[in-house]
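A.B. asks: Have a look at this one.
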Amino acid sequence: MRRVAIIGVGETQFGELWDRSFRDLGIEAGLKAIEDAHIRAEDIDALYVGNMSAGKFIDQEHVSAIVADYAGLADSHLPTTRVEGGGACGALALLQAYAAIASGLHDIVVVGGAEKMTDVGEVKAAEILSATADQEWESVFGATFPALYAIMARRHMYDYGTTREQLAAVAVKNHRHGALNPVAQYQKEITLETVLNAGMVADPLGVFDCAPLSDGAAAIVMCAADRARKFCETPIELVASGQASDTIALHDRRDLATMDATVVAGKRAFHRAGLTPADVDVAEVHDNFTITEIMAIEDLRFVKKGQGGPATEQGETALNSKISVNTSGGLKARGQPLGATGVAQAIEIVRQLRGEGGKRQVTDAEIGLTHTLGGTGATAVVHIFRRVS
Amino acid sequence: MVAGIVSYGGYVPRYRITPKEIGNVWGVDGEAMGKGLGINAKSVPSPDEDVITISVEAARACLKKVDVAPTDIGAIYVGSESHPYAVKPTATVVAEAIGSTPVMTAADFEFACKAGTAAIQTCMGLTLSDMIKYGMAVGSDTSQGAPGDALEYSASAGGAALLIGKENLIAEINHTASYTTDTPDFWRREGQQYPSHGGRFTGEPAYFKHVMSCAKLLMDKAGSKSEDYNYAVFHQPNGKFPVKVGRTLGFDDKQLDAGLLVRSIGNTYSGAVLLGLCSILDRAVPGDRIFMIGYGSGAGSDAFDITVTSNIKKLKPAETIEEMTRDAKFLDYGTYAKFRGKIRMRGD
Amino acid sequence: MATPRFWREIPSRYNLLGTKCGSCGTLDFPPRAVCPKCGRKSVGKMQKQKLSGLGTIVSYTVVHDAPSSFDLLKPYVLAVIELKEGARLTSQIINVEPGDVKIGMQVEVAFRRLGQEGEAGILQYGYKFKPVTG
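For the record, the sequence lines run as chains L, B and A. Taking our numbering as reference, the numbering of the first sequence is continuous, increasing by one, and the terminal residue is 395. Taking our numbering as reference, the numbering of the second sequence is continuous, increasing by one, and the terminal residue is 711. Taking our numbering as reference, the numbering of the third sequence is continuous, increasing by one, and the terminal residue is 147.
And the structure:
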């Protein structure tokens, strides 16, 4: 198997982008990545597109063909594939691209992730987000997506004494990071009081415990590691990945306060990489809700099980502390266009490892990790990155 | 061979509203209205309840008390004037929810407030003719009163189910009689959300004429007098009518009180007389004789002469109607209107 | 939800019909063709069984933000319930003040309307749970 590196990245602004269509977003991110990689359109062998629900958000299926077409690549009849796995689709698309290059099937691959969530209005968008839960045995009984995560939060509070203040600390930290990120949806700091006093969405999660609805796209160009320096000064290697699934319904999970899919995906990735959680300097974890980040840092074994709340409260996951988590602002502040999330997380790690982190640069960042979830934890994908030596 | 009751069960929603609360909104002395009607509170269904859910809960409560295989129930009839569908029966959902499908017959009845008693008579006929082993008669309603109308103070929600058969009877139905005429005292046209009524016309020419005439028919048939009965339960559109007609027929408060649920839960229409009977059966002892008479606008009465047997002691212990209606939550008018679909929502 | 799709699951939604594995005896809800514990050994051996409807709350939330079809019910309590037989499910808790719900609370099944397929569509019924009385 060949080793694989990232040679170019590009992303759009994330936010409520009323005058940008799905096609506009996909193309912008793709062109930026291609330019960053110093490749030409003819160099691209394949395209993988992560997109969760264009069919429901914009009534459009088959978006893989659209992205290739509007990128001006229709004449090259590029192999193009859409990848879906709940909110993990961007990370899964990255994995497909990695496998294609590692196996020798393709040489230069573009991975894009895009989602246009705001056209349908907040109520409809929230319903579509819930489509990754179990429709027959959760949604029909009134389970909204935030409700399912709230159920996890309450169990975590019951088992480990996690407090609402500790949940809120995740949001405060990520907004502080987001304020340093020019493409983040929210670039303003918030206070603990704001989070605690916000309206309730599903108790104990309030408005500020939940990541927003966002439009946005992100793209990455990858190639075999041994050719990477032809294109880019600081290629970043995707060292290893771990992927895992779990029951679709939250109620069938072994433990409501642990995401076994994250635990297994993490273990698989670290094992393949020959690394441990202590080696990681910077991580982008899936903070679609504040509780999710707390569980993620425990389940990835950055902190002990049950210690996610105290660790966050004590600042151990802030920029340049013990481990810098979600320096981009996370899904919470940077935004979460579902298909783009996994790719955008990888781009943040790539920038950090390249030394392009600007005001949010993690000092001496050598090893980075992304963690992306689908549904309420039925899919988890972990990628580990390091500078190509 | 006599047909009778094998088991019984009732259900009343947990929410209430007082006449005073209703009157406040319409600029009327609600407390006086309540006193005049003999009603202290009426039951209100939750937005996720309707005649189908109430009928299922009543039917399940009925079956919980006995060991009857649901597949031995050969017929289910649900009487109501607020069936959730205009076309598609309540009875089939009940049948499915108690596990008696598919070898059975079912249908919905409508006859204002006496659809439940009509169902009892039908089940008696099917049982006595050996067409079925057991039949279930359900009377249940989530009746509506137009905003500001007198009926808004009394129209409530509830239901009860009686399992009818020939064997293992906890109460024998010795006689039944009916009196029916075309009398338009109260009606609702297709497509109308609220019923209409003839005001004072609903009294003498309607309720009293049919109940009195039917009561006399039954007492002639049974050769009985009011003193022969331990309990009497009348259809109860308010707390006054049944007491007036009861006293006219010679019954006293001691006989009437147990069945008069209207005072605390309002008029449950097709469920009223069946729920009243459930309340009586909750406390009746072997040998007790019960006089039951329903009334439905349109108009008609069905009367029943019932004797409780020693089998009533064999019923499995279960929540009584009194215990069920004890735990009530009182609403303000706004919440009541929201629950009852009286507020026009977007898309309406 | 499309009419046939809802209708197909009525036995489980109305009557808590699950399956018992003929190999290890584990009860699953809703019915499964393959036992998660026994895998292939269980194929063809799964027996239908109705669950008792008695359970305990494992965790819960109070839902404030919900689709418009829940406008009349919000805020409502949603819980993960472990049934006596071991299987778990997700359902609303009724007849209780949101502030009084506790992990470990004993609940029993009730029959309620879950929703409807629009103003002219079919009505959908199924299970909700209420605190055990007495």
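In this text, a Cβ means the ideal position worked out from N, Cα and C, and glycines have one as well.
Identify the contact partners of Val-441 of chain B in chain A, using a Cβ-Cβ distance below 8 Å as the criterion.
C.D. replies: One-based indexing of the second sequence puts residue 441 of chain B at position 78. Here the premise fails: no neighbours, minimum Cβ distance about 14 Å.
A.B. asks: Exposed or buried, Val-269 of chain L, counting other C-beta atoms within 10 Å across all chains shown (16 or more means buried)?
C.D. replies: Stepping through the first sequence from its first residue, residue 269 of chain L is reached at position 263. It counts as buried.
A.B. asks: Scan the region 672 to 688 of chain B for residues whose Cβ lies nearer than 9 Å to a Cβ of chain A and list them as they occur along the chain.
C.D. replies: Glu-682, Glu-686 and Met-687
A.B. asks: Quick one: grab the DSSP three-state call for Cys-37 of chain A.
C.D. replies: The residue given as residue 37 of chain A occupies position 24 in the third sequence. Coil.
A.B. asks: Runs of 3 residues minimum, wholly inside the region 254 to 322 of chain L: which ones carry the beta strand (DSSP E) assignment?
C.D. replies: 288 to 290
A.B. asks: So that I know if they touch, is there some Cβ in chain A lying closer than 9 Å to that of Ala-366 of chain B?
C.D. replies: Taking the first residue of the second sequence as position 1, residue 366 of chain B is located at position 3. No, because no Cβ of chain A sits closer than 9 Å to the Cβ of Ala-366 of chain B.
A.B. asks: Suppose the cutoff is 6 Å on Cβ atoms and the five residues either side in sequence are ignored; what does the same chain contact list for Gly-14 of chain L look like?
C.D. replies: As a first step, residue 14 of chain L must be located in the first sequence, where it is residue number 8. Shown here for Gly-14 of chain L: same chain residues with a beta carbon closer than 6 Å to its own, the five before and five after excluded, namely Ala-39, Asp-42, Ala-43 and Val-227 in chain order.
A.B. asks: Please go through the region 21 to 45 of chain L and give each complete beta strand (DSSP E) segment of 3 or more residues, from N-terminal end onward.
C.D. replies: Restricted to the region 21 to 45 of chain L, not a single beta strand (DSSP E) segment is unbroken, complete and at least 3 residues in length.
A.B. asks: Once you ignore the five residues that flank Thr-670 of chain B on each side, which residues in its own chain have a CB closer than 8 Å to its CB?
C.D. replies: Counted from its first residue, the second sequence places residue 670 of chain B at position 307. Answer for Thr-670 of chain B: Ala-534, Glu-535, Asn-537, Gly-650, Asp-651, Arg-652 and Ile-653, listed in chain order.
A.B. asks: What does Pro-43 of chain A reach in chain L if we use C-beta pairs closer than 7 Å?
C.D. replies: By 1-based counting over the third sequence, the position of residue 43 of chain A is 30. By Cβ distance, chain L contributes Trp-143.
A.B. asks: According to DSSP, is Tyr-192 of chain L part of a helix, a strand, or is it coil?
C.D. replies: By 1-based counting over the first sequence, the position of residue 192 of chain L is 186. In this structure, Tyr-192 of chain L counts as coil in the three-state DSSP scheme.
A.B. asks: May I ask you to verify whether the region 25 to 32 of chain A touches the region 701 to 711 of chain B, counting CB pairs closer than 8 Å and requiring at least 3?
C.D. replies: no
A.B. asks: From Tyr-104 of chain L to Ala-231 of chain L, what distance separates their C-alpha atoms?
C.D. replies: Working through the first sequence from its first residue, we reach residue 104 of chain L at position 98. Working through the first sequence from its first residue, we reach residue 231 of chain L at position 225. Distance between the alpha carbons of Tyr-104 of chain L and Ala-231 of chain L: 11 Å.
A.B. asks: Taking Cβ positions only, does Glu-22 of chain A come closer than 9 Å to chain L?
C.D. replies: Your numbering for residue 22 of chain A matches position 9 in the third sequence. Yes - at least one Cβ of chain L is within 9 Å of the one on Glu-22 of chain A.
A.B. asks: Just to confirm before moving on: does the CB-CB distance between Ser-247 of chain L and Ile-390 of chain L stay below 9 Å?
C.D. replies: Mapped onto the first sequence, residue 247 of chain L falls at position 241. Mapped onto the first sequence, residue 390 of chain L falls at position 384. Contact flag set, yes.
A.B. asks: Among B:Asn-674, B:Asp-504 and B:Val-466, whose alpha-carbon lies nearest the alpha-carbon of Phe-474 of chain B?
C.D. replies: As a first step, residue 474 of chain B must be located in the second sequence, where it is residue number 111. For the residues B:Asn-674, B:Asp-504 and B:Val-466, the minimum Cα distance to Phe-474 of chain B belongs to B:Asp-504.
A.B. asks: Quick one: grab the DSSP three-state call for Tyr-592 of chain B.
C.D. replies: Sequence index remark: in the second sequence, residue 592 of chain B carries index 229 (1-based). Of the three classes helix, strand and coil, the one that applies to Tyr-592 of chain B here is coil, per DSSP.
A.B. asks: So, Ile-300 of chain L versus Gly-314 of chain L, is the Cβ gap smaller than 9 Å?
C.D. replies: In the first sequence, residue 300 of chain L corresponds to position 294, counting from 1. In the first sequence, residue 314 of chain L corresponds to position 308, counting from 1. A contact, by the Cβ cut-off of 9 Å.
A.B. asks: Under 7 Å between beta-carbons, which chain A residues line up against Arg-377 of chain B? List them in chain order, please.
C.D. replies: Taking the second sequence and counting its residues from 1, the one referred to as residue 377 of chain B is at position 14. For Arg-377 of chain B, the neighbours in chain A by C-beta distance under 7 Å run, in chain order, Asn-108.
A.B. asks: Can you grab the Cα-Cα spacing for the pair Gly-374 of chain L / Arg-274 of chain L, in whole Å?
C.D. replies: Position 368 of the first sequence holds residue 374 of chain L. Position 268 of the first sequence holds residue 274 of chain L. Cα to Cα, the separation comes out at about 16 Å.
A.B. asks: Can you name, in chain order, every residue of its own chain whose Cβ lies under 6 Å from the Cβ of Gly-363 of chain L, other than the five neighbours on each side?
C.D. replies: In the first sequence, the residue the question calls residue 363 of chain L occupies position 357. Result list for Gly-363 of chain L: Arg-357, in chain order.
A.B. asks: List, in order along the chain, the chain L residues whose C-beta lies closer than 8 Å to that of Arg-101 of chain A?
C.D. replies: Counting from 1 along the third sequence, the entry for residue 101 of chain A is found at position 88. In chain order: His-257 and Asp-258.
A.B. asks: Is Ile-483 of chain B close to chain A, meaning its C-beta is less than 9 Å from at least one C-beta of that chain?
C.D. replies: If you number the second sequence from 1, residue 483 of chain B lands on position 120. For Ile-483 of chain B, the answer is no, since every Cβ of chain A falls outside 9 Å of its Cβ.
A.B. asks: Which parts of the region 548 to 613 of chain B are runs of the beta strand (DSSP E), unbroken and 3 residues or longer, counting only runs that do not cross its ends?
C.D. replies: DSSP assignment within the region 548 to 613 of chain B yields the following whole beta strand (DSSP E) runs of 3 residues or more, N-terminal first: 594 to 597.
A.B. asks: Can a CB atom of chain B be found closer than 9 Å to the CB of Ile-94 of chain A?
C.D. replies: The residue you call residue 94 of chain A lines up with position 81 of the third sequence. No, Ile-94 of chain A lies away from the interface with chain B (no Cβ there is under 9 Å from its Cβ).
A.B. asks: Fully enclosed by the region 484 to 511 of chain B, which beta strand (DSSP E) runs are 3 residues long or longer?
C.D. replies: 497 to 505
A.B. asks: For the region 456 to 469 of chain B, which residues have a beta carbon sitting closer than 8 Å to at least one beta carbon of chain A?
C.D. replies: Val-456, Glu-459, Ala-460 and Gly-462
A.B. asks: Considering only C-alpha positions, which residue in the set B:Val-450, B:Leu-619, B:Val-648 and B:Ala-460 is nearest to Phe-604 of chain B?
C.D. replies: For the purposes of this step, residue 604 of chain B is taken as the residue at position 241 of the second sequence. The residue with the shortest Cα to Cα distance from Phe-604 of chain B is B:Leu-619.
A.B. asks: Note down, in chain order, all residues in the region 407 to 438 of chain B with a beta-carbon under 8 Å from any beta-carbon belonging to chain A.
C.D. replies: Ser-409, Pro-410, Asp-411, Glu-412, Asp-413, Ile-415, Thr-416, Val-419, Glu-420 and Arg-423
A.B. asks: Do Lys-143 of chain A and Ile-106 of chain A count as a contact pair if the criterion is CB distance below 9 Å?
C.D. replies: Residue numbering aside, residue 106 of chain A sits at position 93 when the third sequence is read from its first letter. Residue numbering aside, residue 143 of chain A sits at position 130 when the third sequence is read from its first letter. In contact: Ile-106 of chain A and Lys-143 of chain A (Cβ atoms closer than 9 Å).
A.B. asks: Would you mind working out which of L:Ser-395, L:Gly-280, L:Thr-168 and L:Leu-344 sits nearest Glu-97 of chain L, comparing C-alpha positions?
C.D. replies: Position 91 of the first sequence holds residue 97 of chain L. It should be pointed out that residue 97 of chain L corresponds to Ala in this sequence rather than to Glu. Answer by Cα proximity: L:Leu-344.
A.B. asks: Out of A:Arg-101, A:Thr-74 and A:Pro-43, state which residue places its alpha-carbon closest to the alpha-carbon of Pro-111 of chain A.
C.D. replies: Here the question's residue 111 of chain A lines up with position 98 in the third sequence. Out of A:Arg-101, A:Thr-74 and A:Pro-43, A:Thr-74 has the C-alpha closest to the C-alpha of Pro-111 of chain A.
A.B. asks: State buried or exposed for Ser-395 of chain L, treating a residue as buried only when at least 16 other CB atoms are found within 10 Å of its CB.
C.D. replies: Indexing the first sequence from 1 puts residue 395 of chain L at position 389. Per the 10 Å Cβ criterion, exposed.
A.B. asks: Arg-46 of chain L: which of L:Ala-11, L:Ala-106 and L:Val-115 sits nearest, CA to CA?
C.D. replies: Position 40 of the first sequence holds residue 46 of chain L. Of L:Ala-11, L:Ala-106 and L:Val-115, the residue nearest in Cα terms is L:Val-115.
A.B. asks: Give a yes or no on whether the C-beta atoms belonging to Ser-27 of chain L and Lys-130 of chain L are separated by under 9 Å.
C.D. replies: For this step, residue 27 of chain L is matched to residue 21 along the first sequence. For this step, residue 130 of chain L is matched to residue 124 along the first sequence. Cβ atoms of Ser-27 of chain L and Lys-130 of chain L: not closer than 9 Å.
A.B. asks: Near Arg-182 of chain L, which residues of its chain fall below 7 Å by C-beta distance, leaving aside the five closest residues on each side in sequence?
C.D. replies: Locating residue 182 of chain L in the first sequence gives position 176, where the first residue counts as 1. Glu-195.
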